[in-house]
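Residue numbers (UniProt numbering): 1 to 481.
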Amino acid sequence: MQMPSPNTAILARKAELAAKLSTVLPLDALIQDEAETRAYECDALTAYRCPPMLVVLPRTTQEVSDVLRVCHQMGVPVVPRGAGTSLAGGALPTADSVILGVARMNEVLETDYDNRVIRVQTGRTNLSVSGAVEEEDFFYAPDPSSQLACAIAGNIAMNSGGAHCLKYGVTTNNLMGVTLVMMDGTVVEIGGAHLDAGGLDLLGVICGSEGQLGVVTEATLRILRKPEGARPVLIGYDSNEVAGACVSDIIKAGVLPVAIEFMDRPCIEACEAFAKAGYPMCEALLIVEVEGSEAEIDHQLGLIIEIAKSHNPVELREAQDADEAGRIWLGRKSAFGAMGQINDYMCLDGTIPVTELPYVLRRIGELSKQYGLGVANVFHAGDGNMHPLILFDANKPGDLELCEDMGADILKLCVEVGGCLTGEHGVGVEKRDLMLHQYSPEDLEAQLKVKDVFDPQWLLNPAKVFPLSVTEGRRAVELSK
Numbered sequence: 001m002q003m004p005s006p007n008t009a010i011l012a013r014k015a016e017l018a019a020k021l022s023t024v025l026p027l028d029a030l031i032q033d034e035a036e037t038r039a040y041e042c043d044a045l046t047a048y049r050c051p052p053m054l055v056v057l058p059r060t061t062q063e064v065s066d067v068l069r070v071c072h073q074m075g076v077p078v079v080p081r082g083a084g085t086s087l088a089g090g091a092l093p094t095a096d097s098v099i100l101g102v103a104r105m106n107e108v109l110e111t112d113y114d115n116r117v118i119r120v121q122t123g124r125t126n127l128s129v130s131g132a133v134e135e136e137d138f139f140y141a142p143d144p145s146s147q148l149a150c151a152i153a154g155n156i157a158m159n160s161g162g163a164h165c166l167k168y169g170v171t172t173n174n175l176m177g178v179t180l181v182m183m184d185g186t187v188v189e190i191g192g193a194h195l196d197a198g199g200l201d202l203l204g205v206i207c208g209s210e211g212q213l214g215v216v217t218e219a220t221l222r223i224l225r226k227p228e229g230a231r232p233v234l235i236g237y238d239s240n241e242v243a244g245a246c247v248s249d250i251i252k253a254g255v256l257p258v259a260i261e262f263m264d265r266p267c268i269e270a271c272e273a274f275a276k277a278g279y280p281m282c283e284a285l286l287i288v289e290v291e292g293s294e295a296e297i298d299h300q301l302g303l304i305i306e307i308a309k310s311h312n313p314v315e316l317r318e319a320q321d322a323d324e325a326g327r328i329w330l331g332r333k334s335a336f337g338a339m340g341q342i343n344d345y346m347c348l349d350g351t352i353p354v355t356e357l358p359y360v361l362r363r364i365g366e367l368s369k370q371y372g373l374g375v376a377n378v379f380h381a382g383d384g385n386m387h388p389l390i391l392f393d394a395n396k397p398g399d400l401e402l403c404e405d406m407g408a409d410i411l412k413l414c415v416e417v418g419g420c421l422t423g424e425h426g427v428g429v430e431k432r433d434l435m436l437h438q439y440s441p442e443d444l445e446a447q448l449k450v451k452d453v454f455d456p457q458w459l460l461n462p463a464k465v466f467p468l469s470v471t472e473g474r475r476a477v478e479l480s481k
């Protein structure tokens, strides 16, 4: 008897899966045409691409549950996807997987201003959560640079932060509860509108788990009253190291700005050309913002300016009105897009102790010369969340591999000075092979056992977070049972 060819077998499996999914989903929620699935072959880490077998776009938690139940029964891997803005390959498909996108799940389900919470479907964009409550003078604090496009689902998966996380924290500090759908279709509620849930901190496990444990379809988020006012100040220096020392001194002084952002000359030039923010042309630029009443703002900025002057800035300028403040932040928020207009780049996400900023910035400069690749630095300096952008030519053979090697050295440097591999972008595929540089085999095994509990067959978001040498062996064992 002649066995079917691999392609024939794959097509037959795809047809069987599509037939079963079509019984639990509306016709427009299932994408199986090869040309249309290519729109989902990568996320914002575009260096890696792989078309999925199928794409599903459910609108409700029940539809997500039905999809996962079917895929679980057939042993088909599922890759959860928010808006596809991941910079670490967190939503990269495998050829045998189904992309489960939550983009159509974007409704506000409940708003409770008295208790300062909002419950939303997780396909809703970050910025639109604030938009839903701004008329009542509330806002949602986490503000990634991609907040116009990124989804709450992805924010929860990667524990995203943003420019204002220094004061308000990252997603885990503003997430109160989730509706989670397990791989077998089971729906569970974790946390809620109350302050703290009893028992194990499962919410803390889910937030930042990168779609490895379940699909989050609904989220209860903390909303806050808008501050009375806010004012940023621009501080320019003639070297990255001096700017890093200024940041360290501000933190050591006990002052708590709402944000401290850093940009170096390549990034300053790109942002100024793009946004016309009025940035000074210097080697390093800090944006430091404080908020509160006018008296509080004046007091805090007075302390910050005194510290800044002790480092001999080449430019020191307070925003004089809301328009100027808006343009300052437009420049910073446009940084990644502005750099993308002039060069291919890979954006890293290591986090370090603030006191190590001067040393790490100097070493990044040395690595840039060693590898012959330019680097633009833009990051959340207040909490040490580095975002070096390594510039390379995607059309030049070997340049991507050189960029990856340099990126690995920078991330190893972050770990060696007491930091970690990621602050808010996640591990994804980008950093999975570096996990053993940060964690011992015993530490990694403890994490793997958590995955075993939630997803015993290792079907959720395959080939991410953990080294392939570990995960593929574990998955093979399950498939052989």
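Glycine included, each C-beta is placed from N, C-alpha and C at the ideal position.
The model shown is predicted, which means the values in this text are computed figures rather than measured ones.
Determine the DSSP secondary structure at residue i, reduced to helix, strand or coil.
| i | result |
| --- | --- |
| residue 87 | coil |
| residue 339 | helix |
| residue 263 | strand |
| residue 475 | helix |
| residue 110 | strand |
| residue 466 | coil |
| residue 461 | coil |
| residue 269 | helix |
| residue 40 | helix |
| residue 47 | coil |
Measure the C-alpha to C-alpha separation of residue i and residue j and round it to an integer number of angstroms.
| i | j | result |
| --- | --- | --- |
| residue 468 | residue 318 | 50 Å |
| residue 150 | residue 440 | 33 Å |
| residue 419 | residue 53 | 38 Å |
| residue 464 | residue 470 | 11 Å |
| residue 285 | residue 308 | 12 Å |
| residue 216 | residue 25 | 18 Å |
| residue 1 | residue 8 | Note that residue 1 has pLDDT 43, beneath the 50 cutoff, so the model's placement of it is unreliable and the number below is only indicative. So the alpha carbons of these two residues sit roughly 15 Å apart. |
| residue 270 | residue 198 | 49 Å |
| residue 127 | residue 139 | 9 Å |
| residue 188 | residue 65 | 11 Å |
| residue 356 | residue 383 | 11 Å |
| residue 260 | residue 326 | 16 Å |
| residue 397 | residue 223 | 48 Å |
| residue 109 | residue 193 | 13 Å |
| residue 404 | residue 344 | 13 Å |
| residue 220 | residue 86 | 22 Å |
| residue 3 | residue 10 | Because the pLDDT of residue 3 is 46, which lies under 50, any placement of that residue in the model is unreliable, and the number read from its coordinates should be weighed accordingly. Taking the straight line joining both Cα atoms gives about 13 Å. |
| residue 283 | residue 380 | 17 Å |
| residue 102 | residue 238 | 46 Å |
| residue 294 | residue 133 | 24 Å |
| residue 190 | residue 164 | 26 Å |
| residue 280 | residue 329 | 14 Å |
| residue 312 | residue 425 | 34 Å |
| residue 416 | residue 143 | 28 Å |
| residue 78 | residue 174 | 27 Å |
| residue 340 | residue 74 | 41 Å |
| residue 196 | residue 176 | 8 Å |
| residue 82 | residue 122 | 8 Å |
Which first and last residues belong to the beta strand (DSSP E) in which residue i is found?
| i | result |
| --- | --- |
| residue 80 | 78-81 |
| residue 240 | Taken as a continuous stretch (DSSP letters only), residue 240 belongs to no beta strand (DSSP E), being part of the alpha helix (DSSP H) at 240-252. |
| residue 282 | Element bounds for residue 282: n/a, residue is neither H nor E. |
| residue 485 | In the structure displayed, the chain extends from 1 to 481; residue 485 sits before or after that span and is not available. |
| residue 322 | Segment 322-333 is the alpha helix (DSSP H) holding residue 322; no beta strand (DSSP E) there. |
| residue 221 | 215-222 |
| residue 345 | 344-347 |
| residue 415 | Premise fails: residue 415 lies in the alpha helix (DSSP H), 399-416, not in any beta strand (DSSP E). |
| residue 301 | Premise fails: residue 301 lies in the alpha helix (DSSP H), 294-309, not in any beta strand (DSSP E). |
| residue 256 | No beta strand (DSSP E) contains residue 256, which DSSP labels as neither H nor E. |
| residue 102 | Looking at the DSSP string, residue 102 is not in any beta strand (DSSP E), and its letter there is neither H nor E. |
| residue 55 | 54-56 |
Check the DSSP bridge columns for residue i and list the partner residues they point to.
| i | result |
| --- | --- |
| residue 234 | 287 and 317 |
| residue 380 | 261 and 385 |
| residue 420 | 351 |
| residue 225 | 138 |
| residue 392 | 344 |
| residue 375 | 390 |
So the alpha helix (DSSP H) residue i belongs to, where does it begin and stop?
| i | result |
| --- | --- |
| residue 61 | 61-74 |
| residue 454 | 441-454 |
| residue 92 | It is not in any alpha helix (DSSP H) - residue 92 carries neither H nor E in the DSSP assignment. |
| residue 365 | 357-371 |
| residue 436 | 435-438 |
- prompt: In chain order, which continuous runs of the beta strand (DSSP E) of length 3 or greater are located wholly inside the stretch 125-208?
  reply: 175-181 and 187-191
Whole alpha helix (DSSP H) elements within the stretch 5-33, 4-residue minimum: 6-21
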